[in-house]
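First the structure, in the form of C-alpha cells, and then the observations on it.
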Amino acid sequence: MASPAAVFARLSDPNPPTDTPLVLGTAIVLGGSVAGLLAARILADHAESVVIVERDDPGASTEPRPGVPQGNQIHGLLPSGLVQLERWFPGFTEQTLAAGGRMAAASVRRTYISGVRKAAGSQTNFLTGSRPFLEAQMRRRTLALPNVKSIVGRAAGLDFDGGAVTGVRVEADGAETVERADFVVDAMGRSSRLSDWLEQAGWQRPAMQRMHVDVNYATTMFHRNHDDFDLNAVIAYGATGGSTDATGANFIQIEGDRWQVLVAGFKDSKPGRTIEDLRRFCAGYPAEFGEVAAKEPVGEPQTYRHADSRRRDFHALRRLPARLIATGDAVASFNPVYGQGMSSAILHASALSEYLRSRPDLSRPARQFFALQKVLVDAAWETSTRADLELPHVDGPYPRGYWLMKRIGGQVTAAAVHDTDISRRFDEVTYMLKHPGTLAKPGVLLRAFMVNRRARKRA
Ligand SMILES: Cc1cc2nc3c(=O)[nH]c(=O)nc-3n(C[C@H](O)[C@H](O)[C@H](O)COP(=O)(O)OP(=O)(O)OC[C@H]3O[C@@H](n4cnc5c(N)ncnc54)[C@H](O)[C@@H]3O)c2cc1C
2 MASPAAVFAR LSDPNPPTDT PLVLGTAIVL GGSVAGLLAA RILADHAESV
52 VIVERDDPGA STEPRPGVPQ GNQIHGLLPS GLVQLERWFP GFTEQTLAAG
102 GRMAAASVRR TYISGVRKAA GSQTNFLTGS RPFLEAQMRR RTLALPNVKS
152 IVGRAAGLDF DGGAVTGVRV EADGAETVER ADFVVDAMGR SSRLSDWLEQ
202 AGWQRPAMQR MHVDVNYATT MFHRNHDDFD LNAVIAYGAT GGSTDATGAN
252 FIQIEGDRWQ VLVAGFKDSK PGRTIEDLRR FCAGYPAEFG EVAAKEPVGE
302 PQTYRHADSR RRDFHALRRL PARLIATGDA VASFNPVYGQ GMSSAILHAS
352 ALSEYLRSRP DLSRPARQFF ALQKVLVDAA WETSTRADLE LPHVDGPYPR
402 GYWLMKRIGG QVTAAAVHDT DISRRFDEVT YMLKHPGTLA KPGVLLRAFM
452 VNRRARKRA
C-alpha cells in the first residue's frame, strides 16, 4: 500500500496520461463550475458523451453569477492547480495570459507573517485573474471538446436501479425530465443535496465534519495604471500593528487593468465594508497595501461570510451506489484564507482520471476513487485546520495527534520566515504541490529547530 505522500505525488503528476480507455457511454456532471468542468474534461477521455447540468447559463461571461456567490471575492489559484490545468488543457497559461490574466513570478510576490516578510521560497509562478475569469477559461476549453455539452437546468434528484445510479432528474423551463446516465458526478458545491437524495432513496448519507471558522471577507477592486508597481499576489497573515482587528489581507492583479484587494476578519471583526474602512485597515498592513488601496476604486466593496470548513466522508460509507462520485466543494470546502478550494477541485479530477484508467468494475461503488480523493482532502484539511485551530475562537474538533502536529507546524512556520530552504518546503505544501508529511521529515525538523534557535539568539 503506497503512503499518502506517494499517492499525493502520483496524483500531482504534471504529464497527461497516455492510456485513456473508453469505459462509459454517457456521463453526467451536476454543476458546471471548477470541479464540474474538470471532471467533464477527464470524463471526455473515457465516455462517449459527457453532459454538464448547470443551473446558471454563464455563456462566455467573466462576471460573477448566482450559482457561485463567492465569485466576487478574491481567488488565488495555487501553483498545484495551475500545473494540473496545464496537464489537462495544454497551453492554458499562455491562453489565459492572452485573454488578460496576469503572471505573478516569485520576484513580484511577497508574503508577510505578522508583519515580517517571509524569506524567498518556491520560485513557481502564480497565474492571477478574477474567479469568474479563470472559470471562463476552464469552461471554454472544456466545452471545446467534441463529446462534451452543457445544458441549463437544475438537478433535482437521482434514479437508481439495483445498486447503481441510472439517471438524473433535471428541471428546466418548468418541466422535469430524466437524463439516463452510466456515471454521475456531483459537483454542486458545498450546498449539494446529494446526501439528502441518497438518504431519501434508502442509502446512507455521508458523515459531515465541520470546523466553525467564521471568516468575514471584503474584496474591493481598484484601477491599475501601467506605471503602478508590478507586485502581484502579496499576502499578509496577521496585521503589522495599530488598532486593527483584521486578520489577513491580500492583493492581486486581475484582468482589465485592475487590482483586487481583500481584507479579512474572523468572527465579529468585519473589516473593509466601505472604501474608507478598507483604507483604514490597510494602514495596519505593510505599506504596499495602503498604496494599492489609495487608487481609484472600481465599484463598492463586496462582502462575504464563510461560516465553516466542512468535509463529507464518502470514503467511509458502508453502503454507496455504484456509478456515482462527488468532487470539489461538494466533498470538502476549506477556510478560503488558504486558497485551496479551486486547486483541490482540480486535483480531484486527477483522482478521477486514475480511477477510470484502472478500468474499474463499474457494477461496484467507486471506493477506489474515494480512497484516492481522501488523500487529497486529508492533506488540504490538515494544512488549513491545523492553522485554524490556533485561532482563539476555534475550539475543535481536534484531530488525533494534533499537539504533535502543532509543535511541528509551529517550528516550520517560524523557520520559514528566516530560511529559504524551509520557506521553499513550506510553500510547496501550502501551494499543494507536496504532501504535508514532507514537512515532518527529521532533516527538515532539525533544520527548522536550528534556524529558530539561531533566530532566538539573535533576538
Ligand atoms: C469567500 C471565498 C473565497 C475563496 N477564495 C478562494 C481562493 O482564493 N482560492 C481558491 O482556490 N478557492 C477559493 N475559494 C473556494 C472556491 O470558491 C471553491 O472551492 C470552488 O469554487 C469549488 O468549486 P466547485 O466547482 O466545487 O463548487 P462551486 O464553485 O460552488 O460550484 C457549484 C456549481 O454547482 C451548480 N449547482 C448547484 N446546485 C445545482 C443543481 N441542483 N443543479 C445544477 N447545478 C447546480 C452551481 O450553480 C455552481 O455552478 C473561496 C471560497 C470563498 C467562499
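Residue numbers for the sequence shown follow the working numbering, beginning at 2 and rising by one. Virtual Cβ for every residue (Gly too), placed ideally from N, Cα, C.
Contacting residues, own chain, Cβ-Cβ under 8 Å from residue i (five flanking each side not counted)
{"i": "residue 353", "result": "40, 43, 44, 186, 326, 328, 370"}
{"i": "residue 157", "result": "170, 171, 172, 177"}
{"i": "residue 183", "result": "25, 26, 27, 28, 48, 324, 363"}
{"i": "residue 148", "result": "45, 48, 49, 50, 51"}
{"i": "residue 250", "result": "236, 237, 240, 262, 263, 264, 265, 282, 283, 286, 290"}
{"i": "residue 11", "result": "3, 355"}
{"i": "residue 341", "result": "79, 335, 381, 384, 385, 433"}
{"i": "residue 421", "result": "120, 121, 122"}
Residues bridged to residue i [DSSP beta-bridge criterion]
{"i": "residue 117", "result": "114"}
{"i": "residue 260", "result": "223, 254"}
{"i": "residue 307", "result": "216"}
{"i": "residue 28", "result": "51, 184"}
{"i": "residue 152", "result": "54"}
{"i": "residue 162", "result": "165"}
{"i": "residue 210", "result": "312"}
{"i": "residue 127", "result": "105"}
{"i": "residue 267", "result": "216"}
{"i": "residue 78", "result": "128"}
{"i": "residue 37", "result": "In the DSSP output, where bridge partners are listed per residue, residue 37 has none listed."}
{"i": "residue 238", "result": "114, 249"}
{"i": "residue 177", "result": "172"}
Buried or exposed by the 16-neighbour rule on C-beta atoms within 10 Å, applied to residue i
{"i": "residue 447", "result": "exposed"}
{"i": "residue 99", "result": "exposed"}
{"i": "residue 23", "result": "exposed"}
{"i": "residue 230", "result": "exposed"}
{"i": "residue 359", "result": "exposed"}
{"i": "residue 300", "result": "exposed"}
{"i": "residue 375", "result": "buried"}
{"i": "residue 428", "result": "buried"}
{"i": "residue 416", "result": "buried"}
{"i": "residue 136", "result": "buried"}
{"i": "residue 408", "result": "exposed"}
{"i": "residue 192", "result": "exposed"}
{"i": "residue 394", "result": "exposed"}
{"i": "residue 367", "result": "buried"}
{"i": "residue 189", "result": "buried"}
{"i": "residue 373", "result": "buried"}
{"i": "residue 119", "result": "buried"}
{"i": "residue 220", "result": "buried"}
Beta-carbon proximity list for residue i, same chain, < 6 Å, skipping 5 on both sides
{"i": "residue 115", "result": "239"}
{"i": "residue 206", "result": "196, 199, 200"}
{"i": "residue 410", "result": "387"}
{"i": "residue 272", "result": "247, 264, 266, 282"}
{"i": "residue 456", "result": "419"}
{"i": "residue 8", "result": "376"}
{"i": "residue 69", "result": "34"}
{"i": "residue 83", "result": "128"}
Cβ-based neighbour list, residue i, same chain, cut-off 7 Å, excluding 5 preceding and 5 following
{"i": "residue 67", "result": "57"}
{"i": "residue 244", "result": "Interpretation of residue 244 is limited by its pLDDT of 40, a score under 50 that renders its predicted location unreliable; the figure taken from the coordinates is listed afterwards. Cβ neighbours of residue 244 beyond the five flanking positions: none."}
{"i": "residue 234", "result": "77, 105, 110, 127, 129, 253"}
{"i": "residue 81", "result": "13, 344, 348, 432, 433, 434"}
Minimum C-alpha distance to residue i - residue among the options
{"i": "residue 107", "options": "460, 322, 124", "result": "124"}
{"i": "residue 418", "options": "127, 32, 117, 129", "result": "117"}
{"i": "residue 222", "options": "211, 257, 160, 213", "result": "257"}
{"i": "residue 438", "options": "318, 84, 71, 381", "result": "381"}
{"i": "residue 313", "options": "333, 304, 297", "result": "333"}
{"i": "residue 450", "options": "232, 414, 269", "result": "414"}
{"i": "residue 152", "options": "404, 384, 60", "result": "60"}
{"i": "residue 444", "options": "460, 458, 412", "result": "412"}
{"i": "residue 227", "options": "215, 209, 365, 260", "result": "260"}
{"i": "residue 89", "options": "103, 142, 406, 5", "result": "142"}
{"i": "residue 208", "options": "317, 162, 37, 279", "result": "317"}
{"i": "residue 37", "options": "403, 350, 390, 389", "result": "350"}
Original post:
Taking only runs of the alpha helix (DSSP H) that begin and end inside the segment 309-365, which ones reach a length of at least 4 residues, in chain order?
Top reply: 342-358
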